[in-house]
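With the first letter of the sequence shown counted as 1, position 128 gets the number 143 in this note's numbering; the numbers rise by one all the way through.
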Amino acid sequence: MTELAHRGDVERLASMVKKYRRSTILFALVMLVFGVVLLLERAIPADAIEAKTLVLTDERGRERILLGTLTGDGAPYMFFLDKSGRGRVAIVLNGNGVPQVELYGEQREPTGIFALTDSGRPFLDLRVPGGNSAGIGVTNSDAPYVNLYQREPGYSIGLDIPAHGLPSITLGHSTIKEPKRTPLTMSLTDGVNPRIEFKDASGRGRLVMGLEADGKASISVMDEHGQKESLDVE
16 MTELAHRGDV ERLASMVKKY RRSTILFALV MLVFGVVLLL ERAIPADAIE
66 AKTLVLTDER GRERILLGTL TGDGAPYMFF LDKSGRGRVA IVLNGNGVPQ
116 VELYGEQREP TGIFALTDSG RPFLDLRVPG GNSAGIGVTN SDAPYVNLYQ
166 REPGYSIGLD IPAHGLPSIT LGHSTIKEPK RTPLTMSLTD GVNPRIEFKD
216 ASGRGRLVMG LEADGKASIS VMDEHGQKES LDVE
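What follows is the structure, encoded as structure tokens:
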């Protein structure tokens, strides 16, 4: 075998080795990609999808959870349904980023709402069919309060403690056609002395009864112009 022929054989062998190496590397890359795909398929459930609205069903095909965004502001929500398809719990994050949880009764009316106001104060609103409700929360001035409301005939009781004040209880009345009135207010003066104020339909104080700092009872009667006459009672 001549040197030229030997050199040609060597070059062909080297070319085959290079092709084999490239094929091996390509095969390794393909297997690597295939392995990554298998891992991803195992890591992500086959039922996971991306959508604007997602409906989760139970084994019988009944809708149980709704996930989506509200039209308009795009606020996200999660809605839980019972076996009859009635919405019972809703979790919403409104357009201002304020969270809210709503509980619904069998009549699909909200019976309980726990949320934050736009200023970040928490409140709890409990309702029963017919409109009666009880509310607990914190005002924008950081004063805790409790409100009890009876829709018919519109009576209400309110208890609040101002952040830098004294506690008070108000008895009120309001309807859809009439603004809220608080004809009676019970409070403390100087932290220890009780005071009761009666107001007329226009909200003017007409009668005030209480105890003074010296222990004497006092009654103040005012006319419709606010002029008063004080009576001391031993």
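Beta carbons: idealized from backbone N, C-alpha and C, even for Gly.
Taking the alpha carbon of ALA178 as the reference point, which residue from ASN162, VAL153, GLY83 has its own alpha carbon closest?
VAL153
Out of GLU167, ASP73, THR204, which one is the CA nearest neighbour of ASP229?
THR204
Compare the beta carbon distance of GLY180 and VAL161 with 9 Å and say whether it is the shorter of the two.
no
Among MET93, TYR119, LEU131, GLY127, which one has its Cα closest to the Cα of LEU141?
GLY127
Quick one: using the 10 Å Cβ neighbour count with 16 as the cut-off for buried, is GLU212 buried or exposed?
buried
Just to confirm, are LEU69 and GLY83 a CB contact at a threshold of 9 Å?
yes
I'd like the list of long-range same chain contacts for LEU139, defined as Cβ closer than 6 Å, with 5 residues on each side in sequence excluded.
PHE129, ILE151
Tell me whether LEU186 sits in a helix, a strand or coil according to DSSP, three-state version.
strand
If you draw a straight line from the alpha carbon of GLY112 to that of LEU131, how long is it in whole angstroms?
10 Å
On the DSSP letters alone, give me the boundaries of the beta strand (DSSP E) that SER235 sits inside.
232-237
Span of the beta strand (DSSP E) around LYS214:
208-214
Given a cut-off of 9 Å on the beta-carbon distance, is the pair ASN147 and GLN122 in contact?
no
For THR185, does the count of other Cβ atoms within 10 angstroms reach 16, so buried, or fall short, so exposed?
buried
Only counting the same chain, and skipping five residues up and downstream in sequence, which positions put a Cβ closer than 6 Å to that of LYS243?
SER235, MET237
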